[in-house]
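So the sequence shown is numbered by full-length UniProt numbering: it starts at 1 and just counts up by one.
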Amino acid sequence: MGRSKKRAFNEIKDRVWRRLQGWKEKLLSQAGREVLIKAVIQAIPTYAMSCFKFPAGLCSDICSMANRFWWGQRQGERKIHWLSKHKLIKPKSEGGMGFRDIQLFNQALLARQGWRLLHNPHSLIHKLFKAKYFPHCNFLEATVHGNASFIWRSICDSKQVLIDGMRWRVGSGEKIKIWKDPWLPCLSTYKVISPMNGFDEHATVDSLIIRESMCWNVPLLENIFLPRDVELIRQIPLSIRRPPDIRIWNGTKKGVLTVKSAYHFLRTQQTNVEASSSSLNQCGSNVWSSIWSAKVQPKVRMFLWRACRNILPTQTNLFDRGVSQTYSCKWCLEEAETSDHVLWQCEFAQRVWQASPISFPSSYDTRLSFGDLLSSCIHDLNHPSLELFFITAWELWCARNELFWNETNVTVDDICQKAACRLVEFLDVTA
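Now the structure itself:
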């Protein structure tokens, strides 16, 4: 493999680059580019990531190439990246696009290999690695020697993921240390919180079990542990057959580690140092779910997502980035053009909504933000009024673009008629 790991993996980076260059991004919508990134680009390095730990720089380069493609940036061009890659990799239910964090996905794949070494002792790969690297202990206790292969070093880097995400399932209790190991069925640390009070710190769980009947020694439990721990311990079932203690994964119901559950575990562990934007605070997970499951065209869903994240190319957003010389609305020429203004608060937008067949509750104030408006509509409107609201907002934005780029005034009636026709056509096609 050599000392320069990044250079050794350049072929994978080149494959990603060649694939991106082969696509005509001008012919693809942003929704189409999303599909290609998730189905093709993020799948290219998967096989290699199952065996090797990728350098952080390589993961960052692949992510950057995908982001440039996502925002429509071609060679020699500069495009505005309206949202950071750290926000794009958030799940759609949290306001992101659900792109993979390549580095975390790499860790999840390697953790799966470590799980197999821990639980499949009869597999060929386990026998090979055990004979060479851990002949007298298990995988979690193995060390990395100076002449160890890069594959072994990579898999060993996943041990901490397993340690943090596993707990013991009590069988006989002989292998589980009461005070040190995670073994309680709770959603925090899975460990006992009671003080030892002079009890043997190396004691195992089998000392809490009545061997003859294989049931918990309740008087002993109540004497040693706090009520919280006693209740949790008594919830653990015991078998008269005394099966061996086994380590299980906390992230799945069956206790078996999957790449998906390991990735989710790593994501929840990762601390988010970026402050959440105001648009994200306005919209909860139910709003994001409603947007992505809406029965409208993919480009309309993408538009709604961008509007709620406040990353539409409005005059205000362009002015803030030094692109536009003015931030006033093209329709009213008075207020600053924000997503909230152009889609709801502007006088022209209000005329469109009043002319539409959607019956808004009288409590809807003209000063509502678009995120709050959309959240209220999701709660108050039924099908197909909600879909008509989504498409009318899209047509309103298209009318704004016609005025901005072509100086063409689209009438209120035209906007309402186009929205209704577009909805009927889409529902007919998808029926």
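A virtual CB, placed ideally from N, CA and C, is assigned to each residue, including glycine.
If you ignore the 5 residues before and after LYS87, its C-beta comes within less than 6 Å of the C-beta of GLY96, all in its own chain and listed in chain order. Exposed is the label assigned to PRO237, since fewer than 16 other Cβ atoms lie within 10 Å of its Cβ. Between the alpha carbons of PRO313 and SER362 lies a distance of about 30 Å. Distance check between MET166 and each of GLU425, ARG7, ILE248, ALA262 places ILE248 closest, using alpha-carbon atoms only.
Counting C-beta pairs with one atom in each stretch, the stretch 4-15 and the stretch 32-40 have fewer than three that are closer than 8 Å, which means they do not touch.
Collapsing the DSSP output to three states places TRP17 in a helix.
One thing to note: PHE370 has its Cβ within 9 Å of the Cβ of SER339. For LYS175, the secondary structure class from DSSP, reduced to helix, strand or coil, is coil. DSSP places MET166 within a strand segment (E or B) once states are collapsed to three. Cβ neighbours of SER154 within its own chain (closer than 6 Å, five residues either side excluded): PHE52, LYS53, LEU110. The Cβ atoms of ALA294 and LEU386 sit closer than 9 Å to each other. For the pair LEU304 and LEU368, the Cα-to-Cα distance works out to about 16 Å. Considering only SER60, TRP82, HIS145, TYR47, the residue with the shortest C-alpha distance to ARG112 is TYR47. Between GLN107 and ASP157, the CB-CB gap stays under 9 Å. Inter-residue distance for ARG19 and ILE311 is about 28 Å (C-alpha atoms, whole angstroms). Across the structure, GLN315 and ASP413 are spaced so that their CA atoms are roughly 25 Å apart. For the set VAL16, ARG116, ASN138, the Cα lying nearest the Cα of THR258 is the one of ARG116. Of the other Cβ atoms in all chains shown, 16 or more fall within 10 Å of the Cβ of LEU83; this residue is therefore buried. Just so you know, the alpha carbons of ALA307 and LEU343 end up roughly 9 Å apart. Residue nearest to LEU36 within the set PHE99, LYS330, GLU395 is PHE99 (criterion: CA-CA distance). It is roughly 24 Å from the alpha-carbon of PHE265 to the alpha-carbon of LYS177. Within its own chain, the residues whose Cβ lies closer than 7 Å to the Cβ of LYS13, once the five positions on either side in sequence are excluded, are LEU58, ASP61, ILE62, listed in chain order.
Shortest Cα-Cα distance from ILE210 to any of HIS202, SER172, GLU201 involves SER172. In the structure shown, THR46 falls within a helical segment according to DSSP collapsed to helix, strand and coil. Closest option to PHE404, judged by alpha-carbon separation, among ASP380, SER285, LEU184, SER324: SER324. Going by C-alpha positions, LEU28 is about 22 Å away from ALA399. With a contact defined as Cβ atoms closer than 8 Å, ILE378 and SER290 qualify at about 5 Å. Judged by DSSP in its simplified three-state form, TRP82 adopts coil rather than helix or strand. The C-alpha of VAL218 lies about 18 Å from the C-alpha of PRO195. Cβ-Cβ distances below 8 Å link LYS175 to TRP168, THR204, PRO244, ASP245 in the same chain, with the five nearest sequence neighbours on each side left out; the list follows chain order. Residue environment for HIS341: buried (at least 16 other C-beta atoms within 10 angstroms of its C-beta). For CYS215, same chain residues with a beta-carbon under 8 Å away, outside a window of 5 residues either side, are ILE209, LEU238 in chain order. Take the alpha-carbon of ALA131 and the one of ASN147: they are about 15 Å apart. Apart from the 5 residues on each side of it in sequence, ILE89 sits with its Cβ closer than 7 Å to the Cβ of GLY96, PHE99, ARG100, ASP101 in its chain, given in chain order.
Distance check between ARG242 and each of VAL424, LEU374, SER188, SER213 places SER213 closest, using alpha-carbon atoms only. Around GLN269, the same chain offers ASP164 as residues with beta carbons nearer than 8 Å, after the five sequence neighbours per side are excluded.
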